[in-house]
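Residue numbers (UniProt numbering): 1 to 351.
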């Protein structure tokens, strides 16, 4: 078997135990690897969690286009240290969290509903696939959903949301420990996206992913973190509100009736009343179609660019134009290799 030749590039980010880098492969070698990848790396002596995540990615690879691509793993030696590396699909448009922050930072608003509609359907399909494979993600949030350009034909490109970061995923039905080795209570996931039953009963099952997904949709639509929280919000106070009170996240009245109803179906504290993935996929907020006009150019001066306009349709029959036709220009914060242009740009123009 041919040994993989690859080169580690610039650092893209880091998490609790691993760092992510851009990686390029040797164009002269015969390999199923793409020319550009993301590589998630950690010192081999601390690689237990990443090895487990690699196994989960392996089991999830298949027919679902809404799960981040996985290309295997290896061990390398760098400056005398051994590193465990996992090769993943590269998302040049960054994460959904990046997209939300760019939009709100520039315009103090959330994403347009046609964009949220497109992302929501894909994320739901991804969650459905994860659950069908007998896993619960346990950390659905905007920063764990990458936006990946996928060519749809010779002249167009489609941006697809892909679920990533399975470091906290678990098997459906498997109990999880809620204490660390030192006996302290631990939580699984990111507090503001945790479901009430996870906080109160240590339950992490498919409905918990639906709750977190509902908060992701709310954040896309408003541009703001759920629970009106920020980095200064005490975690214990936040967990108390989510798990032990009747309070629900605030749903703005300016959203469309479909969006408001959709969020209410996700954000139900009673697990038995919370809608399933299949029910949500049949909701009008998701089934509504938006016809997009997409560009012919994917890369300009080393920066991937996407431009589109939208026209709304309902059930493929009744059409109407959006009140304000929107043209969105997305410019990646992660240039392709060979580009020295690192400028982050996001422009939205209303015609």
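Where a beta carbon is used, it is the ideal one built from N, C-alpha and C, also for glycine.
Because the structure is a prediction, the values reported are computed rather than measured.
In whole angstroms, what separates the C-alpha of residue 257 from that of residue 27?
Each residue's alpha carbon lies about 51 angstroms from the other.
So, for residue 215: in the same chain, excluding its five sequence neighbours on each side, which residues have a beta-carbon less than 6 angstroms away from its beta-carbon?
Around residue 215: 193 and 226.
Please list, in chain order, all residues of the same chain as residue 10 whose beta carbon is under 8 angstroms from its beta carbon, the five residues on each side excluded.
The residues are 21 and 22.
Quick one: residues in its chain with C-beta nearer than 7 angstroms to the C-beta of residue 134, no 5 flanking neighbours on either side, listed in chain order?
Hits under 7 angstroms: 171 and 172.
For the beta strand (DSSP E) that residue 8 lies in, which residues bound it at each end?
From DSSP, the beta strand (DSSP E) with residue 8 extends over 6-14.
Near residue 224, which residues of its chain fall below 8 angstroms by C-beta distance, leaving aside the five closest residues on each side in sequence?
So the qualifying residues of the chain are 104 and 110.
Please report the residue range of the alpha helix (DSSP H) in which residue 104 lies.
96-107 is the extent of the alpha helix (DSSP H) around residue 104.
Check whether the Cβ atoms of residue 230 and residue 190 sit closer than 8 angstroms, and answer yes or no.
No. Outside cutoff.
Alpha carbon to alpha carbon, how far is residue 237 from residue 278? Give it in angstroms, no decimals.
If I take the Cα positions, the gap works out to 33 angstroms.
The beta strand (DSSP E) that contains residue 88, what's its start and end?
Residue 88 -> beta strand (DSSP E) spans 81-88.
Helix, strand or coil, according to DSSP, for residue 127 in the structure here?
Helix.
Could you give the distance in angstroms between the alpha-carbon of residue 4 and the alpha-carbon of residue 40?
Distance between the alpha carbons of residue 4 and residue 40: 16 angstroms.
Below 7 angstroms CB to CB, which residues in the same chain sit around residue 168 once its five sequence neighbours on both sides are set aside?
The answer, listed in chain order, is 138, 139, 188 and 189.
By DSSP's criteria, residue 74 is part of a beta bridge. Which residues make up the other side?
85.
Mind checking whether residue 79 and residue 286 have CB atoms under 8 angstroms apart?
Cβ distance not < 8 angstroms, so residue 79 and residue 286 don't count as in contact.
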